[in-house]
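What follows is a set of notes on a single structure, which appears directly below.
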């Protein structure tokens, strides 16, 4: 009597959704609109089958761009123009081979800002909001400023310098000033010349 026995391939029950390890924003090109996102999901039983990418106005929606499926399980380059000035959350959803899903998002929203900061007013002297036309000392020079702002991404930092003409820095070389600071002074190695006019120049950079 001959007997033939057949077995199915191993069959594993997977009732757990994928695990989220991280979602990381890498870069966004404001000229080509290419968004690069890196992510790491894991599923020790049925493994990751595919990944959805979406963009939301909050961490709980995909109102900016609905879910779009990708088969790259580590990163994606997505061509999409993100609206200017709108905080946009990068959403990622992993799907395993039994169609269980886990979604996550980047730690903070992305804000696209293609416009420069709005210029305020720069005053000579060390008294805030008051412009000084003359000063009695020649070994120190100061400036204060106000009303610089950027509605989309905020002010990142300033560059301040002083020169014998506008937009020059032959007296005080341009150097970075924190965005929380609204005044700066420099001690000079050489004495300012009597009767000479000097110019403070301030550049504001957004984030």
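In the working numbering, the protein residues as written are 97 to 303.
A virtual CB, placed ideally from N, CA and C, is assigned to each residue, including glycine.
The structure presented is a predicted model; accordingly, all values stated were derived computationally and were not measured.
Can you check DSSP and say which residues form a bridge with residue 161? Here residue 161 refers to the residue found at position 65 of the chain shown. According to DSSP, which records beta bridges pairwise, residue 161 is partnered with 151.
Looking at the strands, I want to know which residues DSSP matches up with residue 198. Position 102 of the chain shown, counted from the first residue, corresponds to residue 198. In the DSSP output, where bridge partners are listed per residue, residue 198 has 190.
Unbroken beta strand (DSSP E) run spanning residue 259, endpoints: Numbered from its first residue, the chain shown carries residue 259 at position 163. Here the beta strand (DSSP E) through residue 259 covers 251-259.
For the pair the region 227-243 and the region 172-183, tell me if three or more CB-CB distances fall below 8 angstroms. no
Contacting residues, own chain, Cβ-Cβ under 8 angstroms from residue 183 (five flanking each side not counted): Along the chain shown, read from residue 1 onward, the residue named residue 183 stands at position 87. Same-chain partners within the cutoff: 153, 205, 206, 207.
On the criterion of 16 or more Cβ atoms from any shown chain inside 10 Å, does residue 192 qualify as buried, or is it exposed? Reading the chain shown from its first residue, position 96 is the one you call residue 192. Residue 192 should be labelled buried.
Pull the bridge partners of residue 166 from the DSSP assignment, please. Locating residue 166 in the chain shown gives position 70, where the first residue counts as 1. DSSP output for residue 166 lists 147 as bridge partner(s).
Using 7 angstroms as the threshold, is the C-beta distance between residue 242 and residue 276 below it? Locating residue 242 in the chain shown gives position 146, counting from the first residue. Locating residue 276 in the chain shown gives position 180, counting from the first residue. Not a contact, by the Cβ cut-off of 7 angstroms.
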